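Residue numbers (this note's numbering): 4 to 1014.
Just so it is clear, CB atoms sit at the ideal spot from N, CA and C, and this is done for glycine as well.
Values in this document were obtained by computation on a predicted structure and should not be read as measured data.
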Amino acid sequence: MHSPASPELRSPTQEIEDLKEHIRKLEEINAALMDRVERSTDVHGGAFSIFESAVTLEAMVRGRTGELEDAMGKLATINAQIEAAHADADAARARLRDAIESLSDGFALFDAEDRLVMCNASFVKIWPEFADMVDDQPHFSDMIERLTRRGGTIGSLISPERWKQERLARHRDTGSHVQMMADGRWLQINELRTSEGGTVGIYTDITSVKAEDARQRALELAERNLALQSTLDTLSEGACLFGPNRNLQAWNGELAHMLRIDKDIKAHIGTHEDFVRHCVAMRGLDRPQAVEWRDGRGPRISTECMLGNRHFVIRSVTLATGGMAFAFDDVTDRIAFQKSMTEIADALERAVEERTAQLSEVNRQLADAKDEAEHANLSKTRFLAAASHDLLQPLNAARLFVSALGEQSLAENTRALVGQASVALDSVEDLLEALFEISRLDAGAIQPRIRTIELDRILSALRIEFAPVAEAKGLDLRIAETGLFVASDAQMLRRVLQNLISNAVRYTAQGSITVTATGSGEEVTVCVIDTGPGIPAEEQPFIFDEFRRLESSRKLPGHGLGLAIVRRSCAKLGHQARLQSERGRGATFSITMPQAAPAPLIAAAAAPADHKPASANGAVLVIDNDPSILAGMRALLENWGHDVIAATSPDDAEAQDAARQGLALMLVDYHLEDDLTGEIAVARIRALHEGPLPAAVITADRSEEVKAKLAAEPIDPEEAGEDDLALMQLTSGSTGSPKAVQITHRNIYSNAEAMFISAEYDVEKDVMVSWLPCFHDMGMIGFLTVPMYFGAELVKITPMDFLRDTLLWAKLIDKYKGTMTAAPNFAYALFAKRLRKQATPGQFDLSTLRFALSGAEPVEPADVEDLIDAGRPFGLNPTAILPAYGMAETVLAVSFSKCNAGLVVDEVDADLLAALRQAVPATKGNTRRLASLGPLLEGIEIRIVDEHGNSLPPRGVGVIQLRGEPVTPGYLTMAGFLPAQDEHGWYDTGDLGYQMEDGHVVVCGRVKDVI
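Spelled out as structure tokens, the structure:
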């Protein structure tokens, strides 16, 4: 502790020495007086009186001496007491000093003259500027002067003199305040007056407290701002908010649209003055008082006015914070509608009085239907349209890149991480699909198509699907053949039964699962019976609710949505779903539906006439060392009509006997027991077989060594007909079950030649550039099969190359003068972002690109326009971006924009699109911008049908159906061959769309989505 010396305080020893010196002086005075008396003579005879005086004086001196001795005794006593008091004071002072030094806060004591008397080490630590002056009793003003010169506080940096005066004034006042230091620290200063007129100061470092407080305030402010912006973005009205300083604080996109501000809204209406000027001068506001500033609290004011040639209601309200909020409601269409309806009603009433009642009823029904559609569907519609596309598109993109990553040669731990990522994406997709399906059922977007269904076809497919899973868990799965026909929707019924059987397999640990079907008069009841843990009675009323799962099943995979889908689907179908269960005794879920008369199978809907098992002249030999895979392959192939011989090794007796008797096909796993590999197993079996024996080696090992070894095996080409299978492409769309699209040679060359003609392809000049994966139809057909077919020049990289360096795409187009490319919508959006952030104008030359197809997912006009804008500094031709429509079922393409046509946007009324399924052109109000996907390719027919199968005129929105040579005959599924075409050759795409007057195709959603 620092304590400067005080001149007013003297030690006891000094006081005693002073008293002794005083006594010595008194004795000298006494001696001098006595000497003077003795030497004096009384010339006038006064000697006796002088003697008397001397005697008296001696007596007085003796008395004074006695008093002095008494005083000396008392002084000695007092000195002893003083020494004891000083010792106590020193001890108390030491304890006080230790206590002050132990404080984590800074402590300082100033005397009445405002000089520093005492401080602790924490004070010096907090104020290092004073370290060299605390021992010199500095004046407080000198300390503040030094702090000001050195800029120790924020205030001293900004306004030194003002801060110094304010600090001195605060020091003279009693109280506390907070000071921010120049180094970022925050100090709380508490200064109090002492009884002697001095000042005691306590200095606390509250930096961490202020930081946490600031973080909390920032978090709360961010949350409030986010909530405010989210609220504004959901409004159909244009809205903006000005702060107390009259600066723009928040707005939504509708306001920018209404005020026709394309970019940088703050540059146009950043202040209220700019806002008023823009509304009046730029947009022609006829009543400026609608946007005038008002001070103080007041009611909300609504003003009807004209903004340009549009009718608006502008609402304004003052805020408690001193700002103002404005809302713009465009009522032009409403007024026009009301006016036109009034005129029509008046005209009809005057012309045909008897139809007034009918017209009023129609108007009432239309209004009721519109209100009902708006209230029931608009909120869910916008969510579903956004969620199903905005969530599934990036999810599909993520799956695309994870799949591409899995194609690479990776370390084991990295491959495991890729596998886990793929499983996680599958789980997310399952959850999203379940949520979307529930939402679509609630919104009425899924409408059942009741038809006569052979129940055994659904049950047979489910038997094949779940048999391997049940066997792996040691469960006995029994699904009997019924011979019954029911009236239902095949897809929805299969989904219901699939959910029930899936739940039974998941929650049954041991025992059996039995599926029965009984017909009783006009009804059929299908029961799924398991021996699982059962469902307690108290849980049964809620078991069909969303996310409802039993406590005992929390650790099992699943989201608790399957039974919710069952309940909603049954409600749509008019079927009854029931539950019977007891705790510990399993559960029985039953679905009751109408029974139907047997219906003959349609020959045209079956497999192609020449479709027959590959093993028509012999059995299929399957060799795999995993029994579960053998069982699954046997079930699958036998369901396709093949005779199957299963073996774990080529040395098994049954495998060798089958080889000697004759085989049609051999399927062999690559990694077998005892280091035996697939190509060796094939060689051993072929050595026993008479004649050629086709064989396929199956492996998940993608190493270069395995590829090279298998590629070295000879391949004998075989003649193929036009309608023979050329390739199979796995697909599931966005929600369907996985299935393989069967594509014939006729399908391929008809679609390839149509694309060749429409793209105006020049073999001598065009160069294709692609990074698309070969497991996607755009990459496999458009940028592998077609280039091979026509001998085109192709520059190809992998999706991983694109993912690592998106601008590699631009580098290759520049380097090889690429003229043709293609990608999904999301990839172009990513490419535009990279061009802006990572490339400099002119770094790449994209001017050679004339054909950039955008497809594989919904094409957003805004993304195409963004790409055009981002590519302009690199010479990108705006007409090169061509939106397209296609699918695996038509090999690749259905339509795309004509060369050099670029993006064509069809802007339609969003409300009429949603409520009446009509694509009515509109440029004002609530509109939706849709990309034209161009004319149909040669060889493809199209029709748009409503829910009853009736063809719709141009701009009528319905289901898109296709017919022609590129259309696949059907799918290969777990249940066998599934036709894709109806008896007239039409393929139902499941897409919602319409044709424009010029025949161009526009897609606006899916059947299971709401527009």
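Quick one: measure Cβ to Cβ for residue i and residue j, integer angstroms, because I've assumed they're closer than 8 Å.
i	j	result
Arg-481	Ser-505	The Cβ separation is near 16 Å, so there is no contact.
Pro-827	Glu-868	Actually they are not in contact, since the Cβ atoms of Pro-827 and Glu-868 sit about 17 Å apart, beyond 8 Å.
Thr-809	Leu-833	6 Å
Leu-906	Ala-934	6 Å
Phe-877	Phe-854	Incorrect: roughly 17 Å between the Cβ atoms, too far for contact.
Thr-747	Asp-726	5 Å
Gly-937	Leu-885	7 Å
According to DSSP, simplified to helix, strand and coil, what is residue i?
i	result
Trp-166	helix
Val-283	helix
Asp-21	helix
Lys-818	helix
Thr-1	Residue 1 cannot be examined here, being either before or after the span of the chain that is shown, 4 to 1014.
Gly-158	helix
Met-327	strand
Gly-201	coil
Pro-616	Because Pro-616 sits at a pLDDT of 42, beneath the cut-off of 50, its placement in the model cannot be relied upon, and the point is left open.
Ala-684	helix
Lys-768	coil
Cys-573	helix
Ala-855	strand
Gly-794	coil
Asn-628	coil
Thr-417	helix
Asp-869	helix
Asn-33	helix
Leu-604	A caution first: Leu-604 carries a pLDDT of 43, below 50, which makes its placement in the model too unreliable to give a value.
Ala-111	strand
Ala-609	Model confidence at Ala-609 stands at a pLDDT of 38, short of 50, so the residue's coordinates are unreliable; what they give is reported in the following sentence. Three-state result, Ala-609: coil.
Gln-745	strand
Val-365	helix
Gly-561	Low local confidence applies: a pLDDT of 47 at Gly-561 is under 50, so the model's placement there is unreliable, and no value is given.
Glu-725	coil
Pro-695	coil
Go to residue i, then tell me how far its alpha helix (DSSP H) extends in each direction, as first and last residue.
i	result
Leu-810	Element bounds for Leu-810: n/a, residue is neither H nor E.
Ala-124	124-129
Lys-836	828-841
Thr-335	335-354
Glu-756	748-761
Asp-145	143-152
Leu-849	That residue, Leu-849, is in no alpha helix (DSSP H); it is neither H nor E in DSSP.
Phe-469	458-475
Val-647	No alpha helix (DSSP H) contains Val-647, which is instead part of the beta strand (DSSP E) from 647-650.
Asn-193	No alpha helix (DSSP H) holds Asn-193; the beta strand (DSSP E) holding it covers 189-196.
Met-1017	Only positions 4 to 1014 of the chain appear in the structure, and residue 1017 is not among them; the question remains open.
Glu-715	Inspection of the sequence shows that residue 715 is occupied by Ala rather than by Glu. Counting along the chain, Ala-715 falls outside any alpha helix (DSSP H), and DSSP gives it neither H nor E.
Please determine, among the options, the residue with the shortest C-alpha to C-alpha distance to residue i.
i	options	result
Glu-257	Phe-245, Leu-238 and Ala-270	Leu-238
Ile-1017	Val-671, Leu-500 and Val-531	The shown model of the chain, from 4 to 1014, leaves out residue 1017, and the question about it has no answer.
Arg-199	Leu-222, Glu-356 and Val-120	According to the sequence displayed, residue 199 carries Glu and not Arg. Selected option, being the one with the closest Cα: Val-120.
Ala-887	Val-897, Ala-925 and Pro-881	Val-897
Leu-675	Ile-264, Ile-701, Thr-930 and Asn-953	Ile-701
His-795	Gly-874, Ala-925 and Phe-759	As written in the sequence, residue 795 is Ala, which differs from the His given in the question. It is Phe-759 whose Cα lies nearest to the Cα of Ala-795.
Asn-312	Ser-305, Gly-325, Met-261 and Arg-297	Met-261
Ala-540	Leu-582, Ala-574 and Val-355	Leu-582
Gly-973	Leu-995, Ile-272 and Thr-893	Thr-893
His-645	Asn-628, Leu-624, Glu-657 and Arg-663	Leu-624
Thr-485	Leu-420, Pro-471 and Ser-523	Ser-523
Leu-679	Met-669, Phe-329, Glu-55 and Thr-651	Thr-651
Would you say residue i faces chain B, with C-beta separation under 7 Å as the test?
i	result
Met-146	As a matter of chain content, chain B is missing from the structure shown, which is built from one protein chain.
Assuming residue i is part of the beta strand (DSSP E), what are its boundary residues?
i	result
Ala-115	Note, Ala-115: premise wrong, no beta strand (DSSP E); not H, not E.
Arg-581	579-584
Gln-182	178-183
Could you name each continuous beta strand (DSSP E) segment of 3 residues or more that falls completely within the stretch 872-922, going from the start of the chain to the end? 884-889, 896-899 and 908-912
Entirely enclosed alpha helix (DSSP H) segments - the stretch 215-298, minimum 4 residues: 256-261, 268-272 and 275-280
To test your reading of the DSSP string, which unbroken beta strand (DSSP E) runs of 3 or more residues are found completely within the stretch 928-999? 930-934, 943-948, 961-967, 973-976, 979-982 and 990-998
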